[in-house]
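Heads up, the sequence shown is in numbering that gives the first Met the number 0, so the first residue is 0 and it goes up one at a time. Before any comments, here is the structure.
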Amino acid sequence: MIDSWEQEEQPILDILWVIDNSGSMNPYQTMLSNQINGFMNAFISAGADYHMAFITTDRNYAQGQIIDNSTLDPVGEASAIISNIGIYGSGMEKGIQMSVEALSDPNKLGLGSTFFRETAYLVVIYVSDEKDWSTPGWISHVQFFDDLKEGNFMPFAVIGDPPTGCSYNWRNVQYGAGYWDLVNHYGGSWYSICAADWGSQLQSLGSQVIARSRFSLS
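Written out as structure tokens, the structure reads:
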């Protein structure tokens, strides 16, 4: 048996970060902002054609500008956007719902916006220290992603460890239910929000995004 595939010379990626902006997120936003270079360098070194946007778990519109290959300092710009997100958002985090709403609207990040490209592989990365409170639940949004990208979609998450959560600085972080379920459904990867150092995690995440977008086997 021989598996074969076609591999694009240049990955084309639309990457949407959904970052929890509730009151407990300050240390995690800080780590993400300080070490986002590990993630960004994966795209820069691979020569990917990418668009990158940021929303929050209670705001379905872009925070800051869309970052792409023409951005003069993409690492610095991404870091600044994350630093400015803040921690005054809702305690009922609806990350999956916000991503669906943003990607449904051409005036936000959907088809017809400057972010969304029909030819791109869509990646959504959820970062939260709580479960997803989207209404309806995660399973109800699967059809949207299937219809939107027809197999060219992959979610990732930085969340509390399944199935019981984790501990960070003596604080109990709950399991990222909903986010984990969506990631598991599509075969994506999750990373622990309780990790002491996010540098290696973000580098791995960036490499995973590039690897998943390059080819699929059938």
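Note that the Cβ used here is the ideal one computed from N, Cα and C, for glycine as well. Just so it is clear, the structure is predicted and the values come from calculations on it, not from any experiment.
Sort out for me which residues DSSP pairs N171 with in a bridge.
S166
Could you spell out the range, first to last residue, of the beta strand (DSSP E) harbouring F143?
Careful: F143 lies outside any beta strand (DSSP E), inside the alpha helix (DSSP H) at V141 to K148.
Evaluate contact between the stretch 108-118 and the stretch 51-61, counting only Cβ atoms and requiring at least three cross-stretch pairs below 8 Å.
yes
Any C-beta of chain C under 8 Å from that of D160:
Here there is only one protein chain, and chain C is not present.
Starting from A45, follow the alpha helix (DSSP H) in both directions and report where the run begins and ends.
N25 to A45
Applying the criterion that 16 or more other CB atoms from any shown protein chain within 10 Å of the CB defines a buried residue, is D13 buried or exposed?
buried
Roughly how far, in whole angstroms, is the beta-carbon of M153 from the beta-carbon of V122, given that I think they are within contact range, below 8 Å?
6 Å
Any contact between the stretch 180-198 and the stretch 152-166? By contact I mean 3 or more CB pairs, one from each, below 8 Å.
yes
Using C-beta distances below 6 Å, list every residue in its chain close to S217, excluding the 5 sequence neighbours before and after it, in chain order.
Confidence at S217 is low in this model, with a pLDDT of 37, below 50, so its placement is unreliable and no value can be given for it.
Run of the beta strand (DSSP E) containing S191, from where it starts to where it stops:
W189 to S191
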